[in-house]
Amino acid sequence: MKYYIIAGETSGDLHGANLIKALKIEDPDAEFYIVGGDQMQEASGNPVLIHTSEMAFMGFVEVLMNLKSIAKNLKKVKADILKVQPDTVVLIDFPGFNMKIAEYAKKLGIKVNYYISPKIWAWNQKRVYKIKKLVDHMFCILPFEVKFYKQFHYHVDYVGNPLLDAISTYKFQPDFREKNGLDESPIIALLPGSRKMEIEHLLPEMVGLYDRFPRHQFVIAGAPNFDISLYQRYIGDYDIKVVFDQTYDLLKNAEAAAVTSGTATLETALLRIPQVVVYKANPITVMIARKLVKVKFISLVNLINDYLSVIELIQGECTTGNIADELGRLISDPKHRASVLENYDILHEKMGTPGASEKTAKLIVKYMQGNS
């Protein structure tokens with residue numbers, strides 16, 4: 007079968023790559039056409055039509071500023087789908103773009119499989135009716151999503167979380183410190199996000215931590231779609247290293263971490279590294295989001311546990327001083343550190359076991375063969 011798989015962000019690229027590997031096992035004759043990143047390209051053996059670095063725009067204002075680029079990308083993908091005539095499009099998160107593709111594919115009579123649900127439970131819940139109309143099968147990765155969709159009489163499949171797959175199969179580097187020129191002093195990991203706009207807003211606050219922890223070394227997890235020059239712009243003369251494609255190794259070696267809200271907060275928790283979650287964006291974007299969003303928390307750790315498991319510092323609260331205070335507690339206060347780790351234990355229980363990629367691949371092939 008022909009699979010047209012679309013991921014618009016770095017995290018989606020990882021999950022897309024693992025799904026491609028699983029689909030190859032379930033369907034040895036599979037052909038892949040992809041919109042994604044380096045990992046999907048490597049897994050499929052095919053070039054990407056559009057790279058994630060050209061697609062990931064964050065926030066209402068930022069999207070408005072890049073409407074021409076988004077429209078151009080949509081037109082390019084639609085033309086390619088029409089040319090390829092795939093058996094199914096497999097959409098990975100990235101709802102603003104992917105729901106438009108779902109609508110187009112539906113008009114062409116192409117089956118729509120959606121892996122990693124749009125976060126419609128957070129805001130504009132009426133979008134569920136559009137999903138019911140356009141998406142043939144939805145595969146969810148967060149435990150509470152099944153219950154959410156059930157109240158709208160829409161059946162979805164809970165497949166577990168693909169991060170468990172990624173972490174369970176990752177081969178950690180025993181020589182990580184030596185390889186990256188790091189000494190034996192404790193590490194504070196800085197994860198400023200995978201989008202340029204996140205880095206621009208958050209990295210200055212993170213770099214400001216340097217003088218407050220003289221016994222520690224700071225290491226930034228670089229996003230694969232950027233090079234060192236972007237980070238060096240904010241690092242300046244500080245002795246802060248940047249590592250690329252080694253985020254799990256960095257976290258595994260860290261004593262604590264400052265993490266931008268997103269998938270990375272869940273990865274950090276699953277690797278059991280105490281963290282403070284940070285988020286800062288365009289003030290107008292945040293103002294609009296606060297009026298629309300219907301959830302109590304911004305981090306996946308807190309959303310899944312349904313209580314404050316890790317501290318969140320948002321917008322005005324996201325300052326170097328506040329981040330330093332919380333990191334200090336995570337490092338120096340044994341009770342506070344132990345409490346966060348206990349919260350991670352509860353999270354692990356709720357998340358289940360690895361196998362999301364394999365379960366999703368099996369279900370896609372099963373449904374495509376008419377065994378619903």
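Note that this note's numbering has the sequence shown beginning at 7, numbered continuously upward. Using N, Cα and C, we set each Cβ at its ideal position, and we do this for glycine too.
- Short Cβ contact (8 Å threshold) for G18 with F100: Sequence index remark: in the sequence shown, residue 18 carries index 12 (1-based). Sequence index remark: in the sequence shown, residue 100 carries index 94 (1-based). The Cβ atoms of G18 and F100 sit closer than 8 Å to each other.
- Query: Excluding the five sequence neighbours on either side, which residues of its own chain have a C-beta within less than 6 Å of the C-beta of G358, listed in chain order?
  - Reply: Walking along the sequence shown from the start, residue 358 turns up at place 352. Excluding sequence neighbours, G358 sits near G166.
- Item | Pairwise C-alpha distance: Y9 and G115 | Against the sequence shown, residue 115 aligns to sequence position 109. Against the sequence shown, residue 9 aligns to sequence position 3. Using only the alpha carbons, I get a separation of about 14 Å.
- Query: At which residues does the beta strand (DSSP E) containing Y285 begin and terminate?
  - Reply: The count along the sequence shown starts at 1 and reaches residue 285 at position 279. Where Y285 is concerned, the enclosing beta strand (DSSP E) stretches over Q281 to Y285.
- Output the boundary residues of the beta strand (DSSP E) element that contains L197. For the purposes of this step, residue 197 is taken as the residue at position 191 of the sequence shown. In the DSSP assignment, L197 falls within the unbroken beta strand (DSSP E) covering I193 to L197.
- Message: Assess contact between the segment 179-191 and the segment 320-339, defined as three or more Cβ pairs (one per stretch) separated by less than 8 Å. Is contact present?
- Response: For the pair of segments examined, the segment 179-191 was found not to touch the segment 320-339: the number of CB pairs separated by less than 8 Å stays below three.
- Cβ contact (3+ pairs, closer than 8 Å) linking the segment 227-234 and the segment 176-185: Result no; under three Cβ-Cβ pairs closer than 8 Å.
- Query: Of the residues H21, Y313 and A264, which one's Cα is nearest the Cα of P168?
  - Reply: Along the sequence shown, read from residue 1 onward, the residue named residue 168 stands at position 162. For P168, the closest of H21, Y313 and A264 by C-alpha to C-alpha distance is H21.
- Do you know offhand how far I370's Cα is from E211's? Within the sequence shown, residue 370 is the residue found at index 364, counting from 1. Within the sequence shown, residue 211 is the residue found at index 205, counting from 1. Looking at the two C-alpha atoms, the distance is approximately 43 Å.
- Inter-residue spacing [alpha-carbon to alpha-carbon] between A172 and K74: As a position in the sequence shown, residue 172 is number 166, starting the count at 1. As a position in the sequence shown, residue 74 is number 68, starting the count at 1. Those two C-alpha atoms are separated by around 34 Å.
- Query: Excluding the five sequence neighbours on either side, which residues of its own chain have a C-beta within less than 6 Å of the C-beta of L29, listed in chain order?
  - Reply: Against the sequence shown, residue 29 aligns to sequence position 23. The residues are A36 and A367.
- Considering only residues of the same chain and omitting the five flanking positions on each side of L314, which have a CB-CB separation below 8 Å? Looking up residue 314 in the sequence shown gives position 308. Within the same chain, Cβ atoms closer than 8 Å to the Cβ of L314 are found at F303 and N308, the five residues on either side in sequence being excluded.
- Task: Report yes if the C-beta distance between I310 and L353 is below 8 Å; otherwise report no.
- Result: Locating residue 310 in the sequence shown gives position 304, counting from the first residue. Locating residue 353 in the sequence shown gives position 347, counting from the first residue. Closer than 8 Å, so yes.
- Query: How is the beta strand (DSSP E) around I226 delimited, first residue to last?
  - Reply: Position 220 of the sequence shown, counted from the start, is the residue given in the question as residue 226. Segment Q223 to G228, the beta strand (DSSP E) holding I226.
- Query: In the structure shown, what three-state DSSP assignment does N328 receive?
  - Reply: Start at 1 with the first residue of the sequence shown, and residue 328 comes out as number 322. The three-state secondary structure of N328, taken from DSSP, is helix.
- Message: In the DSSP output, what is H161 paired with across the bridge?
- Response: Within the sequence shown, numbered from 1, the residue matching residue 161 stands at position 155. As DSSP reads the structure, H161 sits in no beta bridge.
- What are the residues that DSSP puts in a beta bridge with M144? What you label residue 144 is simply residue 138 of the sequence shown in a count that begins at 1. Answer is Y120, bridged to M144.
- Message: What would DSSP say about F219, mapped onto helix, strand or coil?
- Response: The count along the sequence shown starts at 1 and reaches residue 219 at position 213. Of the three classes helix, strand and coil, the one that applies to F219 here is coil, per DSSP.
- Helix, strand or coil for K385, going by three-state DSSP, please let me know. As shown, the chain starts at 7 and ends at 378. That puts residue 385 outside it, with no answer to give.
- Task: Could you round the C-beta distance between V350 and A262 to whole angstroms and report it? I think they count as a contact, below 8 Å.
- Result: Residue mapping note: residue 350 aligns to position 344 of the sequence shown, counting from 1. Residue mapping note: residue 262 aligns to position 256 of the sequence shown, counting from 1. Per the sequence shown, residue 350 should be read as Tyr rather than Val. The Cβ separation is near 13 Å, so there is no contact.
- What first and last residue would you give for the alpha helix (DSSP H) that runs through Y110? The residue labelled residue 110 in the question sits at position 104 within the sequence shown. Y110 -> alpha helix (DSSP H) spans P101 to K113.
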